[in-house]
Amino acid sequence: FEENVYKSEGGDSEGEESDDSSKGRKRTDRKGDRKKRREDDEYRPDELAFNKSEYFKIEKVLGQFGWGRWKVMRGMCDVKECVTEADIEHISRTLLLHCIREYRGDEKIREFVWRLIIPKGAQVAGKNAPKKKSTVLTSVFHEGWAALPEYNPPAFAVDSSFQRHVIGSKSEEIMNGTKAEEIDLTVDWNDAFVTGWDNECDKSFLIGAHKHGLENIDAIRADPALCFGSKEIEVFPNIADLLNRFRRLLTHFQRKRHDSLTFAT
């Protein structure tokens with residue numbers, strides 16, 4: 001991660017252009033830069049514009065090619081045709097923002113990545129914060145442009161706690177398509193929901209939320225690795241009901257972990 005970020009500070013240039021050719025294109029480049037700035041100012045995607053599968057695909061090519069190589073990344077990742085280079089930049093910025101929020105290590109690395117991903121012309125809260133304590137710097141990651149909804153999709157808002165208390169080390173086998181019944185995840189919570197919904201549904205729902213994103217209900221229902229194809233659910237719950245169910249399940253796992261730690265001490 002650190003090596004890729006540092007080596008890519010120069011953006012998408014691959015050293016293919018000579019000094020002679022660059023001199024004759026300065027004026028054109030300046031016009032292109034102005035156009036690019038206008039496009040940057042206008043680009044405001046919805047926080048629900050991308051599902052978790054797309055974030056996962058971009059995460060892999062971002063680790064491979066580094067920051068700034070949007071054209072190359074667009075050609076190398078298997079995403080929908082409507083996903084543009086600007087979308088890939090936005091997804092990469094969102095991913096790295098949430099990485100540095102969770103990162104616990106060299107503060108210079110966090111400061112470097114933070115300055116690297118700041119959008120052009122963005123409002124930055126506390127510009128002098130990186131020179132202060134790490135706790136102050138951490139708060140900056142949640143202010144200004146970093147607090148905008150488009151950089152804080154719902155799936156990311158709960159992802160840290162969800163990963164820690166529910167998914168744990170099971171992420172790789174989930175993303176590799178292992179059937180839900182073969183994954184070691186027990187949901188021992190009996191709370192009435194809708195007719196036909198049982199503990200297996202809760203388990204598949206949590207696995208599907210990690211695999212596809214909490215907002216991508218159609219993909220969760222259609223996933224053959226999950227149990228929903230074999231269940232007789234009279235009326236499948238809507239997104240609002242499922243979000244509420246997810247929060248209650250997450251609370252259950254948090255309490256369960258807390259109780260086990262309390263008992264152990």
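For the sequence shown, position 218 (counting from the first letter as 1) is numbered 218 according to the UniProt record's numbering, and the numbering increases by one without interruption.
Just so you know, even glycine gets a beta-carbon here, dropped at the ideal spot from N, CA and C.
Residue range of the unbroken alpha helix (DSSP H) whose run includes residue i
i: Ile-117; result: 107-117
i: Asp-87; result: 85-102
i: Leu-206; result: 199-212
i: Leu-185; result: Here Leu-185 belongs to no alpha helix (DSSP H), and DSSP marks it neither H nor E.
i: Gly-167; result: According to the sequence as given, residue 167 is Ile; it is not Gly. From DSSP, Ile-167 is part of no alpha helix (DSSP H); its letter is neither H nor E.
i: Val-61; result: 52-65
i: Arg-74; result: 70-76
i: Ile-220; result: 217-222
Neighbourhood of residue i by C-beta distance below 6 Å, restricted to the same chain and skipping five residues each side
i: Arg-110; result: Ile-100, Tyr-103
i: Ile-220; result: Gly-208, His-212
i: Val-72; result: Phe-65
i: Leu-185; result: Lys-203
From the options, residue whose alpha carbon lies closest to that of residue i
i: Phe-50; options: Arg-69, Glu-172, Ala-146, Thr-84; result: Thr-84
i: Ile-88; options: Lys-60, Trp-114, Arg-115; result: Lys-60
i: residue 272; options: Val-113, Leu-206, Cys-227, Lys-80; result: What is shown of the chain runs 1 to 265, which leaves residue 272 out entirely.
i: Ser-249; options: Ile-183, Ala-147, Leu-206, Phe-228; result: Note that residue 249 is Leu in the sequence shown here, rather than Ser. Ranking Ile-183, Ala-147, Leu-206, Phe-228 by Cα distance to Leu-249 puts Leu-206 first.
i: Val-166; options: Val-187, Glu-173, Asn-152, Ala-147; result: Val-187
i: Ser-53; options: Met-175, Trp-189, Met-73; result: Met-175
i: Cys-77; options: Asn-199, Lys-57, Leu-95, Leu-96; result: Lys-57
i: Trp-145; options: Gly-168, Lys-170, Ile-117; result: Ile-117
i: His-90; options: Ile-217, Arg-69, Glu-107, Lys-108; result: Arg-69
i: Glu-173; options: Ala-225, Asn-190, Val-79, Arg-74; result: Ala-225
i: Leu-214; options: Asn-190, Asp-191, Glu-234, Arg-245; result: Arg-245
Sequence-distant residues of its chain with Cβ nearer than 8 Å to residue i (five each side left out)
i: Glu-81; result: none
i: Lys-133; result: Here the model assigns Lys-133 a pLDDT of 47, short of 50, so the residue's position is not dependable, and the following value carries that caveat. Result list for Lys-133: empty, nothing under 8 Å.
i: Phe-141; result: Leu-97, Ile-100, Arg-101, Trp-114
i: Asn-190; result: Asn-199
i: Trp-197; result: Lys-231, Ile-233, Pro-237
Any non-hydrogen atom of the ligand HEM closer than 7 Å to residue i Cβ
i: Glu-107; result: For the structure depicted, the ligand HEM is absent and the ligand set is empty, with no information on it obtainable.
Residues near residue i in its chain [Cβ-Cβ closer than 7 Å; skip 5 each side]
i: Val-235; result: Val-194
The region 233-245 touching the region 168-185, judged by at least three CB pairs closer than 8 Å: no
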